[in-house]
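> In terms of our numbering, the sequence shown has 266 at position 5, counting the first letter as 1, and numbering is strictly consecutive.
Each residue gets a CB set at the ideal place from its N, CA and C atoms; glycine is no exception.
Note that this is a predicted model, so its numbers are computed, not measured.
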Amino acid sequence: MVFRSRIVGCGHYLPQRVVTNADLEKIIDTSDEWIRKRTGIQARHIAAEGELTSDLARSAAQEALKNAGRKAEDLDLIVLATSTPDETFPATATRVQAQLGMTSGAAFDVQAVCSGFVYALSVADNFVKAGAARKVLVIGAETYSRILDWQDRGTCVLFGDGAGAVVLEAEEGSGANSDRGILSTHIFSDGRHHDALYVDGGPSSTQSTGHLRMQGQEVFRHAVNNMAQAIDVALEANDMTPGDVDWLVPHQANSRIIEAMARKLNLPMDQVIMTVQKHANTSSASIPLALYEGVNDGRIKEGQVTLMEAMGGGFTWGSAIARL
Ligand code: UT7
Numbered sequence: 262m263v264f265r266s267r268i269v270g271c272g273h274y275l276p277q278r279v280v281t282n283a284d285l286e287k288i289i290d291t292s293d294e295w296i297r298k299r300t301g302i303q304a305r306h307i308a309a310e311g312e313l314t315s316d317l318a319r320s321a322a323q324e325a326l327k328n329a330g331r332k333a334e335d336l337d338l339i340v341l342a343t344s345t346p347d348e349t350f351p352a353t354a355t356r357v358q359a360q361l362g363m364t365s366g367a368a369f370d371v372q373a374v375c376s377g378f379v380y381a382l383s384v385a386d387n388f389v390k391a392g393a394a395r396k397v398l399v400i401g402a403e404t405y406s407r408i409l410d411w412q413d414r415g416t417c418v419l420f421g422d423g424a425g426a427v428v429l430e431a432e433e434g435s436g437a438n439s440d441r442g443i444l445s446t447h448i449f450s451d452g453r454h455h456d457a458l459y460v461d462g463g464p465s466s467t468q469s470t471g472h473l474r475m476q477g478q479e480v481f482r483h484a485v486n487n488m489a490q491a492i493d494v495a496l497e498a499n500d501m502t503p504g505d506v507d508w509l510v511p512h513q514a515n516s517r518i519i520e521a522m523a524r525k526l527n528l529p530m531d532q533v534i535m536t537v538q539k540h541a542n543t544s545s546a547s548i549p550l551a552l553y554e555g556v557n558d559g560r561i562k563e564g565q566v567t568l569m570e571a572m573g574g575g576f577t578w579g580s581a582i583a584r585l
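1) Go ahead and label D347 buried or exposed: buried means 16 or more other beta carbons lie within 10 angstroms of its beta carbon, across all protein chains shown.
2) For G301, which residues in the same chain have their Cβ closer than 6 Å to its Cβ, ignoring the five residues on either side in sequence?
3) Scan the stretch 379–411 and note each continuous beta strand (DSSP E) run of 3 residues or more that stays entirely inside, going in chain order.
4) For V340 versus V399, is the C-beta spacing smaller than 8 Å?
5) Does the ligand UT7 have even one heavy atom less than 7 Å from the beta-carbon of R292?
6) Between G442 and R267, which are expected to be in contact by the criterion C-beta below 8 Å, what is the C-beta distance as a whole number of angstroms?
7) Which same chain residues, not among the five before or five after G575, have their C-beta less than 8 Å away from its C-beta?
8) Consult DSSP for I339 and reduce its assignment to one of helix, strand or coil.
9) Report the rounded CA-to-CA distance for I492 versus D413, giving the unit in angstroms.
10) Is E312 near P351, with beta carbons less than 8 Å apart?
11) Helix, strand or coil for P589, going by three-state DSSP, please let me know.
12) Give the range of the alpha helix (DSSP H) segment to which V533 is assigned.
13) Looking at C-beta atoms only, is the number of pairs between the stretch 316–330 and the stretch 419–426 that lie closer than 8 Å three or more?
14) Within 10 Å of its beta-carbon, does E570 have 16 or more other beta-carbons around it, so buried, or fewer, so exposed?
15) Please find out if some non-hydrogen atom of the ligand UT7 comes closer than 7 Å to the beta-carbon of F481.
16) Kindly indicate which three-state DSSP category P511 falls into: helix, strand or coil?
17) For S445 and A495, which I take to be in contact (beta-carbon distance under 8 Å), what is that distance rounded to the nearest angstrom?
18) What span of residues does the alpha helix (DSSP H) with C417 cover, start to end?
19) Cutting at 6 Å between CB atoms, please list the residues of its own chain near E430, excluding the five before and the five after it.
20) For the beta strand (DSSP E) holding T567, just list the boundary residues, first then last.
21) Please work out which residues of its chain come closer than 8 Å, Cβ to Cβ, to L409, disregarding the five sequence neighbours upstream and downstream, and give them in chain order.
22) With three or more C-beta pairs closer than 8 Å as the rule, is the stretch 518–533 touching the stretch 288–296?
23) Helix, strand or coil for L313? Go by DSSP, reduced to three states.
24) Is the beta carbon of Y380 closer than 8 Å to that of S544?
25) Opposite H447 in the DSSP bridges: which residues?
26) Considering only their Cβ atoms, is the gap separating H273 from Y553 smaller than 8 Å?
Right, here's the structure in full:
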């Protein structure tokens with residue numbers, strides 16, 4: 262029997278506290294004008310003290326399950342993308358599994374920084390295609406506020422906290438042209454670029470958590486090139502042209518990068534889901550948060566072709582095409 266996976270529900274969670282650029286002006290040498298002009302960011306959500314990545318993930322997961330009309334006990338797999346886990350181990354996914362009341366199946370984390378959701382989706386989709394899972398929760402959840410150096414204006418203004426989730430369900434068939442489901446996923450990495458974007462700590466190196474370090478311009482340059490390549494590969498694999506894409510749901514790091522990807526696809530900005538202005542960069546949560554928004558407000562309709570792409574530390578990058 263041949264299976265494909267279909268997204269049957271989306272959920273999201275954003276911490277209550279909103280920090281605006283004006284708030285940041287009070288604590289570091291920056292300006293609303295600089296942040297807006299260079300990144301498009303106006304505000305970000307920041308987790309409350311004691312609010313953990315697993316808490317954000319659980320809330321997003323519960324909403325995704327509710328919107329899918331499924332229960333936690335129906336699931337046989339949770340794949341959680343995060344680079345800000347609650348603890349070094351166990352996997353944050355297992356904490357979410359326990360909180361949801363799911364006592365069978367398996368749960369594990371995937372670590373691919375800002376490409377985490379595309380990686381997790383790819384892993385989950387391949388489990389489904391292999392017949393190894395039938396109902397999968399895929400989550401992207403982050404608390405980057407905990408790994409930011411709040412003295413470093415070059416990075417601390419760029420990120421926010423949040424979580425997004427989707428429920429995937431196996432359907433029979435490999436997916437003919439008009440069938441709904443995930444049509445393809447492609448993931449890539451090139452570990453030579455470690456120093457451009459990393460956290461200067463960890464259990465094996467410093468026995469401390471460390472802080473995010475980034476060479477912004479270097480990352481920017483690679484982001485545009487790598488995501489353009491991932492888009493080309495995805496279109497080619499599906500025998501599609503840019504004209505076949507209804508929606509671009511990109512990783513949300515910088516509005517200038519998103520606009521460059523839209524130009525590449527010749528897509529007007531009203532076919533791009535943009536959340537970076539109010540969420541900032543939520544790393545692996547950014548795509549599922551944007552997807553939730555597009556589906557929830559009715560812009561993305563059943564059967565429409567949705568292209569997702571991301572790039573992050575490692576470097577890692579990738580793309581996925583789904584017919585929603
Ligand atoms: O999600 C993972 C992928 N990450 C990304 O895709 C991020 C990619 N990179 C970027 O989005 C951009 O490179 C940034 C937004 C990070 C930076 O924008 P930029 O146009 O590349 O600025 P820059 O780093 O070249 O800095 C320009 C100037 C510098 O001042 P001088 O040396 O020209 O005097 C910085 O010190 O802006 C200064 N600057 C700031 N000024 C006010 C840097 N950060 C700030 C700040 N407020 N927050």
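Walking through what the data contain:
1) Taking the first residue of the sequence shown as position 1, residue 347 is located at position 86. So D347 ends up on the buried side.
2) Residue mapping note: residue 301 aligns to position 40 of the sequence shown, counting from 1. So the list reads S516, V537 and Q538, once near-sequence residues are dropped.
3) 396–404
4) Numbered from its first residue, the sequence shown carries residue 340 at position 79. Numbered from its first residue, the sequence shown carries residue 399 at position 138. Their beta carbons are under 8 Å apart, which means V340 touches V399 by this criterion.
5) Within the sequence shown, residue 292 is the residue found at index 31, counting from 1. A small fix is needed here, since residue 292 is Ser in this sequence, not Arg. Correct: S292 has its Cβ closer than 7 Å to the ligand UT7.
6) Here residue 442 refers to the residue found at position 181 of the sequence shown. Here residue 267 refers to the residue found at position 6 of the sequence shown. Contact flag correct, Cβ pair sits at about 4 Å.
7) Position 314 of the sequence shown, counted from the first residue, corresponds to residue 575. Contacts found: A373, V374, S376, S450, D451, G452, H454, H455 and L458.
8) Working through the sequence shown from its first residue, we reach residue 339 at position 78. Three-state DSSP puts I339 in a strand.
9) Here residue 492 corresponds to residue number 231 of the sequence shown, with the count starting at 1. Here residue 413 corresponds to residue number 152 of the sequence shown, with the count starting at 1. Cα to Cα, I492 sits roughly 32 Å from D413.
10) Taking the sequence shown and counting its residues from 1, the one referred to as residue 312 is at position 51. Taking the sequence shown and counting its residues from 1, the one referred to as residue 351 is at position 90. Taking 8 Å as the Cβ cut-off, E312 and P351 do not qualify as a contacting pair.
11) In the structure displayed, the chain extends from 262 to 585; residue 589 sits before or after that span and is not available.
12) Reading the sequence shown from its first residue, position 272 is the one you call residue 533. Unbroken run through V533: none, as it is neither H nor E.
13) yes
14) For the purposes of this step, residue 570 is identified with residue 309 of the sequence shown, where counting begins at 1. Buried: at least 16 other Cβ atoms inside 10 Å.
15) Along the sequence shown, read from residue 1 onward, the residue named residue 481 stands at position 220. Because some heavy atom of the ligand UT7 lies under 7 Å away, the Cβ of F481 counts as near it: yes.
16) Here residue 511 refers to the residue found at position 250 of the sequence shown. Three-state DSSP puts P511 in a strand.
17) Position 184 of the sequence shown, counted from the first residue, corresponds to residue 445. Position 234 of the sequence shown, counted from the first residue, corresponds to residue 495. At roughly 6 Å, the Cβ-Cβ gap stays under 8 Å, so S445 and A495 are in contact.
18) As a position in the sequence shown, residue 417 is number 156, starting the count at 1. That run of the alpha helix (DSSP H) goes R414 to C417.
19) On the sequence shown, residue 430 is found 169 positions in, with the first residue counted as 1. Excluding residues within five positions, the ones whose Cβ falls inside 6 Å are R267, V269 and K396.
20) Within the sequence shown, numbered from 1, the residue matching residue 567 stands at position 306. V566 to G573 is the span of the beta strand (DSSP E), which, as asked, contains T567.
21) Taking the first residue of the sequence shown as position 1, residue 409 is located at position 148. Excluding positions up to five away in sequence, the list reads T416, C417, F420, H472 and L473.
22) no
23) For the purposes of this step, residue 313 is identified with residue 52 of the sequence shown, where counting begins at 1. Three-state DSSP puts L313 in coil, outside helix and strand.
24) Numbered from 1 along the sequence shown, position 283 holds the residue referred to as residue 544. Numbered from 1 along the sequence shown, position 119 holds the residue referred to as residue 380. Not a contact, by the Cβ cut-off of 8 Å.
25) The residue given as residue 447 occupies position 186 in the sequence shown. In the DSSP output, where bridge partners are listed per residue, H447 has S580.
26) Taking the first residue of the sequence shown as position 1, residue 553 is located at position 292. Taking the first residue of the sequence shown as position 1, residue 273 is located at position 12. In contact: Y553 and H273 (Cβ atoms closer than 8 Å).
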